[in-house]
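Novice: Take this structure first; my questions come after.
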């Protein structure tokens, strides 16, 4: 079912406020040793999204429409482990997101498109140590725009509601 996305808007001039950096880093932090974090355009992981044609903001997403075969089809994603997060300086999730946003916003600006946003979805893959089954948990969406960031932290709403189990299109178990 498509769900309307509610973003927290953070406007800034020059540099992101410390509070925003902390929120983004929390969204990007790997919490379990066996987990992986995927960062990609929402179109490259979700089968059903609604995008504003003018601004490219994702305004609706079906969180249970995860299709992991899309991510490999487009091959335009970041994949991170706990090793990357703590031991590979400059190759962590926050650096990846920052570089990706900077490059896309420069590209948009050079074409005169200052109203566009660039979204990235954050998906956590958890692997069961015994069965090797993988579950995929959508953590949220971050959108960069000129002079600001939009944050949709799905983890906040997951803490408030019971988790549901879904199957993805490639028949792996998905929990959201």
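In our numbering, the protein residues as written are 1241 to 1416. By construction, the Cβ of each residue, glycine as well, lies at the ideal position given by its N, Cα and C atoms.
1. Since residue 1378 contacts residue 1281 with CB under 8 Å, what's their CB separation in whole angstroms?
2. Between the beta-carbon of residue 1276 and the beta-carbon of residue 1373, is there less than 8 Å?
3. Within a Cβ cutoff of 8 Å, which residues of the same chain sit near residue 1380, ignoring the five residues on either side of it in sequence?
4. Looking only at DSSP bridge pairs, what is residue 1361 linked to?
5. One question on the structure: do residue 1319 and residue 1376 come within less than 8 Å of each other, judged by their Cβ atoms?
6. What separation, rounded to the nearest whole angstrom, lies between the Cα atoms of residue 1310 and residue 1254?
7. Quick one: what does DSSP say residue 1351 is sitting in, helix, strand or coil?
8. With three or more beta-carbon pairs closer than 8 Å as the criterion, would you say the segment 1339 to 1356 touches the segment 1257 to 1267?
9. Express the C-alpha separation of residue 1371 and residue 1256 in angstroms, rounding to a whole number.
10. Which residues mark the beginning and the end of the alpha helix (DSSP H) in which residue 1267 is found?
11. Once you ignore the five residues that flank residue 1252 on each side, which residues in its own chain have a CB closer than 8 Å to its CB?
12. Within 10 angstroms of its Cβ, does residue 1301 collect 16 or more other Cβ (buried), or is it exposed?
13. Based on DSSP bridge pairs, tell me the residues matched to residue 1319.
14. Within 10 angstroms of the Cβ of residue 1271, are there 16 or more other Cβ atoms? Answer buried if so, exposed if not.
15. Given that a residue counts as buried once 16 or more other Cβ atoms are within 10 Å of its Cβ, and exposed if not, what is residue 1308?
16. For the putative contact between residue 1299 and residue 1250, defined by C-beta atoms under 8 Å, what is the C-beta separation to the nearest angstrom?
17. From the DSSP output, in three-state form, read off residue 1254 for me.
18. Output the distance between the C-alpha atoms of residue 1284 and residue 1382, rounded to the nearest integer angstrom.
Specialist: Answer, in terms of the structure:
1. Residue 1378 to residue 1281, Cβ: 14 Å. No contact.
2. no
3. 1267, 1361, 1362, 1391, 1392, 1393, 1394 and 1395
4. 1280 and 1381
5. no
6. 35 Å
7. coil
8. no
9. 42 Å
10. 1258 to 1268
11. 1260, 1387, 1388 and 1389
12. buried
13. 1278
14. exposed
15. buried
16. Not a contact, Cβ separation roughly 18 Å.
17. coil
18. 14 Å
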